[in-house]
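Residue numbers (my numbering): 24 to 160.
Don't be surprised by glycine CBs; every beta carbon is placed ideally from N, CA and C.
In this text the structure is predicted, and so the values were computed from the model without any measurement.
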Amino acid sequence: MLYRKILVPMALDHGVSAHTLEVARAICAEGGEIIGLHVYEAPQGAAAAYLDKNVVNEAVASAKIQLAEKTEGLQNVSTDLVVGHTYRTIIDYASQHGVDCIVMGSHKPGLSDYFLGSTAARVVRHAACAVHVYRSS
Numbered sequence: 024m025l026y027r028k029i030l031v032p033m034a035l036d037h038g039v040s041a042h043t044l045e046v047a048r049a050i051c052a053e054g055g056e057i058i059g060l061h062v063y064e065a066p067q068g069a070a071a072a073y074l075d076k077n078v079v080n081e082a083v084a085s086a087k088i089q090l091a092e093k094t095e096g097l098q099n100v101s102t103d104l105v106v107g108h109t110y111r112t113i114i115d116y117a118s119q120h121g122v123d124c125i126v127m128g129s130h131k132p133g134l135s136d137y138f139l140g141s142t143a144a145r146v147v148r149h150a151a152c153a154v155h156v157y158r159s160s
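In structure tokens form, the structure reads like this:
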């Protein structure tokens with residue numbers, strides 16, 4: 024099955040973005056759209072109170088540059104960066120933008136994932152659209 028609008032959540036420090044973008048391109052219908060999304064998870068609670076707003080703004084600007092670099096030269100790929108809680112923001116973004124498939128990377132699960140769940144596992148459980156998970160070896 025080919026998809027018309029694919030969301031590729033990209034953790035900029037995990038090194039799987041090239042693979043997930045390749046999967047998305049392989050399952051994208053002709054004329055379809057791929058959105059590379061980075062969710063910047065802002066510090067919460069007490070940590071946020073001690074962080075200078077300029078530091079956060081610089082981190083977001085840096086993430087935008089990295090996101091653009093990872094998708095540079097790829098046809099039909101746009102990018103977006105939003106601030107929020109990772110898995111919830113991915114699900115909300117997909118729903119609000121009419122995404123029919125999410126392609127994301129995942130690591131091999133560790134013990135903590137069985138108790139807490141990885142981001143990919145949470146997206147798979149709660150997304151209203153198809154989810155393809157790329158697991159690196």
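- Beta-bridge partners assigned by DSSP to residue 63: 106.
- Of the candidates 122, 156, 41, the residue whose Cα lies closest to the Cα of residue 56 is 122.
- Check the Cα spacing between residue 128 and each of 80, 66, 154, 100: the tightest is with 154.
- In the structure shown, residue 153 adopts extended strand secondary structure according to DSSP, grouped into three states.
- Counting other Cβ atoms within 10 Å of its Cβ, residue 47 reaches 16 or more and is therefore classed as buried.
- Secondary structure note for residue 126: its beta strand (DSSP E) is the uninterrupted segment 124–129.
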